[in-house]
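Residue numbers (UniProt numbering): 1 to 441.
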């Protein structure tokens with residue numbers, strides 16, 4: 001009885017521990033967790049990473065790139081480098097090709113320029129032969145007469161000749177150094193007629209004295225040049241051109257002076273060229289057998305030859321119509337250096353053509369009167385356009401003054417006065433419109 005009461009009111013004896021089966025023997029007593037050793041962790045130089053089988057990147061010095069990388073890391077660079085190398089090689093080839101083409105032109109034309117002019121090139125590239133003063137100077141190097149303006153354009157200059165003030169020359173070549181532009185021009189010219197294919201051209205402009213040697217040629221020692229005796233190099237102003245028919249349309253569209261002429265074939269010239277002139281008498285005077293033979297020998301390399309005194313671009317002001325006499329000459333460069341033998345006769349004709357103009361370009365008064373009438377008509381058009389522009393400016397200025405005066409009057413009025421003023425303006429406008437309708441009816 002006493003034992004039963006003791007069990008009911010908390011006096012129970014501790015129970016025997018349960019028997020542990022063999023299957024759960026490993027989980028009976030779990031080991032107590034122990035703190036990790038900070039000293040041991042810090043002593044390790046590289047912490048261990050669980051990479052699940054991946055190989056760890058070796059630690060190397062910063063400059064040992066080859067130990068941390070592999071060729072597959074540079075796949076993009078390997079794809080871009082050949083393209084860059086191709087562009088660089090194309091650029092070097094293009095620039096050297098253009099320089100070689102310009103050098104070939106200089107070697108072919110330097111003797112002719114030296115024989116006709118006292119100074120050739122921008123820096124007086126010539127050397128004395130040490131002989132008498134009458135002996136011609138010898139160029140130090142033919143290509144020295146050229147100046148490289150850009151990779152596709154070379155220029156030259158010559159002066160010191162009777163009847164010619166100076167000559168500007170330029171060689172324009174394709175942009176071989178830029179493969180994208182070079183091949184794009186070819187592709188676009190194939191699909192569009194208006195897009196010109198890359199060409200190699202030579203252009204020269206000879207500016208004549210036209211009787212003004214005393215205004216341009218300096219006298220040694222700064223003496224007065226009024227007593228200086230010079231030949232009369234003046235000649236009549238006109239426009240006359242011989243143009244290859246393949247370039248005739250573009251020639252007329254690009255040049256204002258060509259639009260003032262009429263086109264007519266000449267039986268003395270080859271069928272692939274035509275004459276653009278202001279008078280048939282000019283053609284009969286200037287078309288010599290030597291000039292015709294030079295054009296025939298030049299063949300398809302010939303582009304145009306023009307004697308003019310009018311501007312290339314259409315003048316917008318009367319001051320721009322002032323005559324400036326000059327000779328323009330253009331050819332396509334031959335494909336090889338030996339091809340210049342066909343174009344040199346025409347180049348010599350160009351250098352000496354001013355002498356022919358001074359000697360024979362003096363025409364009958366009837367011819368020059370007709371030529372002057374055409375120029376006066378163009379000047380009248382410009383003067384009429386200028387007067388209309390000035391009249392429009394005066395009208396706008398008067399309207400501005402009138403508007404400012406109206407606003408000044410309105411600011412000084414009361415609201416009632418402004419209302420009456422606006423009503424009167426409205427009535428005046430209605431009366432004007434009624435008068436216009438009445439006149440039209």
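No residue lacks a Cβ here, since even glycine has one placed at the ideal position from N, Cα and C.
Here the structure is a predicted model, which means the values were calculated and not measured.
- In the DSSP assignment, residue 161 falls within the beta strand (DSSP E) that extends over 153-161.
- Contact between the stretch 320-337 and the stretch 286-293 is absent, with fewer than three C-beta pairs closer than 8 Å.
- In this chain, the alpha helix (DSSP H) harbouring residue 65 covers 65-68.
- Beyond the five residues adjoining it in sequence on each side, residue 298 comes within less than 7 Å, by CB distance, of 331, 342, 343, 346 in the same chain, given in chain order.
- Here the alpha carbon of residue 110 sits roughly 19 Å from the alpha carbon of residue 207.
- Residue pairing by DSSP places residue 307 opposite 240, 327 in a beta bridge.
- Sequence-distant Cβ neighbours of residue 186 in its own chain, meaning closer than 7 Å and more than five residues away, are 197, 198.
- Beta-bridge partners assigned by DSSP to residue 150: 153.
- If the five residues before and after residue 160 are omitted, its C-beta is found closer than 8 Å to the C-beta atoms of 117, 118, 119, all from its own chain and listed in chain order.
- Just measuring C-alpha positions, the residue of 309, 283, 217, 233 sitting nearest residue 258 is 309.
- For residue 81, the enclosing alpha helix (DSSP H) covers residues 75-116.
- Residue ranges of uninterrupted alpha helix (DSSP H) with 4 or more members, entirely inside the stretch 331-413 and ordered along the chain, are 340-360, 365-411.
- Distance from the Cα of residue 349 is smallest, within the candidate group 296, 424, 425, 276, for 296.
- Around the CB of residue 121, 16 or more other CB atoms lie within 10 Å, so the residue is classed as buried.
- A distance below 8 Å separates the beta carbons of residue 242 and residue 304.
- Selection 200, 255, 94, 431 evaluated against residue 307 yields 255 as nearest (Cα-Cα).
- In the structure shown, residue 262 falls within a strand segment according to DSSP collapsed to helix, strand and coil.
- DSSP places residue 277 in the uninterrupted beta strand (DSSP E) bounded by 273-277.
- Secondary-structure assignment with DSSP links residue 203 through a beta bridge to 170, 330.
- Counted as a single uninterrupted DSSP element, the alpha helix (DSSP H) harbouring residue 190 occupies residues 179-191.
- Linking residue 386 to residue 408 through their CA atoms gives a straight-line distance of about 33 Å.
- DSSP, reduced to helix, strand and coil, places residue 208 within a strand of the structure shown.
- With contacts defined by Cβ atoms closer than 8 Å, residue 281 and residue 371 do not form a contacting pair.
- For residue 119, the beta-bridge partners assigned by DSSP are 159.
- Counting only residues of its own chain and dropping the five nearest sequence neighbours on each side, residue 216 has a CB closer than 8 Å to the CB of 165, 209.
- Counting every other CB atom within 10 Å of its CB across the protein chains shown gives residue 233 a total of 16 or more, marking it as buried.
- Around the Cβ of residue 362, a 10 Å sphere holds fewer than 16 other Cβ atoms; the residue is exposed.
- Within the same chain, 142, 143, 145, 146 come within 7 Å of residue 106 by CB-CB distance, once the 5 residues on both sides are set aside.
- The closest CA to that of residue 174, considering only 163, 237, 150, 272, is found on 150.
- One Cα belongs to residue 87, the other to residue 194, and the distance between them is close to 28 Å.
- Residue pairing by DSSP places residue 217 in no beta bridge whatsoever.
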